[in-house]
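Participant: Heads up: the sequence shown begins at 1 in UniProt numbering, then just goes up one per residue. Heads up, the beta-carbon is just placed ideally off N, CA and C, and yes, glycines get one too.
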Amino acid sequence: MDPQIKLMFLNEHAAEGAARFGVSPKELTFIGGFQNFIYSYMKGDSKYILRFTPSTLRTWKGLAAEIEWIRYLSANGLSVSEPVSSVDGKDIEQVHGNMIDFYVTSFRHAVGRKIGYPECLGNALLYEQCGRITGHLHELSKRYNPTLRRHTWKSNEYLLQAKNVLPSEHQPILQALDELKAQLAVLPSAEDQFGLIHGDMNVGNFMVDEAGGITLFDFDECQYSWYVEDIAVQLYYLLYVFGEDSKSERKAQYELFIKHFVRGYTADGRTMPDGWKDLLPLFLRLREIIVFVGMHRSWDLREPDDWTRDFLQDSQMRITNGMSLIDEFF
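Structural data, given as structure tokens:
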């Protein structure tokens, strides 16, 4: 998160937002957030999430479109963290600040538990379930007729902020980004390839119940893009943990994920997006640039640890050479 925005969010903002949803500030537990300020709270035996979104990040209409999308998915059988209304029956409350405002939304806490590293690696059952819920989401997206529209991939905030965030020595990264955007701009966008996606589907943004079923949350990055982007994002976060000296492990992880993800995605007669496999490297490169920009925006990289330093060096090499994580064995 932008350090300046962190300074603008005060305890009184959290207290006012909580009151709008009938929650005492004492009941809030801060749980973090990369772009938003996220809290959890309890009502009775149920757990909920309270999210504060800077008005510099999203518009009211953009948030309303996100909530409309989540409600549509839930109504059509997708397991998601559903929005809940404020005391006044509003989906979105606005808390005014001195310099910026914050939009407040609340959601039911997803059931189940998170599966992090290294448990998510080499997990064939998980990958099949990921494919199943991704395929279901994309199937629903093709039938979706919203009253409010989300932004497209061209308005992704990381891509827009890159020039302001990256130090001057990273001009080659910006050049690579411009070249990649030009490639994306001419891709076919037929309805079986392009639609409203989750945008940040990964092990950090879903819970898994005892039966292995997945509940999705954090639709803050939902946008109109190619369906293959939702696939590439999941694959990226399963591969980037392997360094340059672990290429054989990366290849094995890739092959296992693809095999079982496709099995889940194509269940119930669904088909994979047209040309998806050929496009994977392109969208893996896109995610790598987004992660690179995000790290420079939100982290103090003056004295990185060994893993972060090595990752940034490897990542910079791939980006500036037009490579993806799978180019060596794809």
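Apply the 10 Å Cβ neighbour rule to residue 207 and answer buried if 16 or more other Cβ atoms are within range, or exposed otherwise.
Facilitator: Buried.
Participant: Can you tell me the Cα-Cα spacing of residue 102 and residue 256, whole angstroms?
Facilitator: Computed Cα separation, rounded: 42 angstroms.
Participant: Per DSSP, which one or two residues make a beta bridge with residue 49?
Facilitator: BP columns for residue 49 point to 40, 107.
Participant: Within this structure, are the beta carbons of residue 134 and residue 225 separated by less than 8 angstroms?
Facilitator: For residue 134 and residue 225, no; Cβs fall outside 8 angstroms.
Participant: Is the beta carbon of residue 329 closer than 8 angstroms to that of residue 251?
Facilitator: Their beta carbons are under 8 angstroms apart, which means residue 251 touches residue 329 by this criterion.
Participant: Would you kindly work out how many angstroms separate the C-alpha atoms of residue 146 and residue 68, rounded to a whole number?
Facilitator: Roughly 7 angstroms between the two C-alpha positions.
Participant: Going by CA-CA distance only, name the one from 63, 55, 240 that's closest to residue 98.
Facilitator: With distances taken between Cα atoms, residue 98 lies closest to 55.
Participant: According to the neighbour-count rule (16 or more other Cβ atoms, all chains shown, within 10 Å of its Cβ), is residue 211 buried or exposed?
Facilitator: Counting Cβ neighbours within 10 Å, residue 211 comes out exposed, since fewer than 16 surround it.
Participant: Straight-line CA distance for residue 299 to residue 276?
Facilitator: Rounded to whole angstroms, residue 299 to residue 276 spans 33 angstroms at the Cα level.
Participant: Provide the residue(s) that pair with residue 215 in DSSP beta bridges, ordered along the chain.
Facilitator: Answer by DSSP bridge pairing, in chain order: 207.
Participant: For residue 144 and residue 91, I'd like the C-alpha separation in whole angstroms.
Facilitator: For residue 144 and residue 91, the distance between alpha carbons rounds to 20 angstroms.
Participant: With residue 260 and residue 230 assumed to form a contact (beta carbons below 8 angstroms), what rounded beta-carbon distance in angstroms separates them?
Facilitator: At roughly 16 angstroms, the Cβ-Cβ gap does not stay under 8 angstroms, so residue 260 and residue 230 are not in contact.
Participant: Rounded to the nearest angstrom, what separates residue 19 and residue 51 at their Cα positions?
Facilitator: The alpha-carbon atoms of residue 19 and residue 51 are separated by roughly 13 angstroms.
Participant: Would you decide whether residue 309 is buried or exposed? Buried here means 16 or more other CB atoms lie within 10 Å of its CB.
Facilitator: Residue 309 should be labelled exposed.
Participant: Taking only runs that begin and end inside the segment 69–146, name each unbroken beta strand (DSSP E) of 3 or more residues, in chain order.
Facilitator: Counting only runs of 3 or more, we get 93–95, 102–108.
Participant: Taking the alpha-carbon positions, what's the residue 247 to residue 122 distance?
Facilitator: When rounded, the distance between both Cα atoms is 15 angstroms.
Participant: From the DSSP output, in three-state form, read off residue 35 for me.
Facilitator: Of the three classes helix, strand and coil, the one that applies to residue 35 here is coil, per DSSP.
Participant: Would you mind reading off the limits of the beta strand (DSSP E) that contains residue 197?
Facilitator: From DSSP, the beta strand (DSSP E) with residue 197 extends over 194–197.
Participant: With a threshold of 8 angstroms between beta carbons, is residue 160 in contact with chain D?
Facilitator: This model lacks chain D altogether, as it is built from one protein chain only.
Participant: Where residue 249 and residue 182 are concerned, what is the direct C-alpha to C-alpha distance, given to the nearest angstrom?
Facilitator: So the alpha carbons of these two residues sit roughly 32 angstroms apart.
Participant: Report buried or exposed for residue 321, applying the criterion of at least 16 other Cβ atoms within 10 angstroms of its Cβ.
Facilitator: Exposed, by the Cβ-count rule.
Participant: Given a threshold of 16 other Cβ atoms within 10 Å of its Cβ, counted over all protein chains shown, does residue 200 qualify as buried or as exposed?
Facilitator: That one is buried.
Participant: Should residue 24 go down as buried or exposed, given a rule of 16 or more other Cβ atoms within 10 Å for buried?
Facilitator: Exposed, by the Cβ-count rule.
Participant: Please give the ranges of any alpha helix (DSSP H) in the segment 141–179, keeping only runs that are unbroken, at least 4 residues long and fully inside the region.
Facilitator: 157–165, all fully within the segment 141–179.
Participant: Rounded to whole angstroms, what's the CA-CA distance from residue 316 to residue 156? Just pull it up for me.
Facilitator: Straight-line Cα distance between these residues: approximately 20 angstroms.
Participant: Quick check on this structure: which residue in 47, 160, 13 has the alpha carbon closest to the alpha carbon of residue 100?
Facilitator: Ranking the options by Cα distance to residue 100, first place goes to 13.
Participant: Pop quiz: residue 104 and residue 93 are said to be a contact at Cβ under 8 angstroms. What is the actual Cβ separation, rounded to whole angstroms?
Facilitator: The Cβ separation is near 4 angstroms, so the contact holds.
Participant: Let me know the alpha helix (DSSP H) ranges lying completely inside the segment 260–316, each 4 residues or longer, listed in chain order.
Facilitator: Those alpha helix (DSSP H) runs which fall completely within the segment 260–316 and span 4+ residues are 276–298.
Participant: Determine the DSSP secondary structure at residue 189, reduced to helix, strand or coil.
Facilitator: Residue 189 falls in the coil class under three-state DSSP.
Participant: Residue 86 to residue 71, Cα distance in whole Å?
Facilitator: Taking the straight line from one Cα to the other gives about 16 angstroms.
Participant: May I have the straight-line CA-CA distance separating residue 170 from residue 283, to the nearest angstrom?
Facilitator: Whole-angstrom Cα-Cα distance: 20 angstroms.
Participant: Between the beta-carbon of residue 236 and the beta-carbon of residue 166, is there less than 8 angstroms?
Facilitator: No, the Cβ-Cβ distance between residue 236 and residue 166 is not below 8 angstroms.
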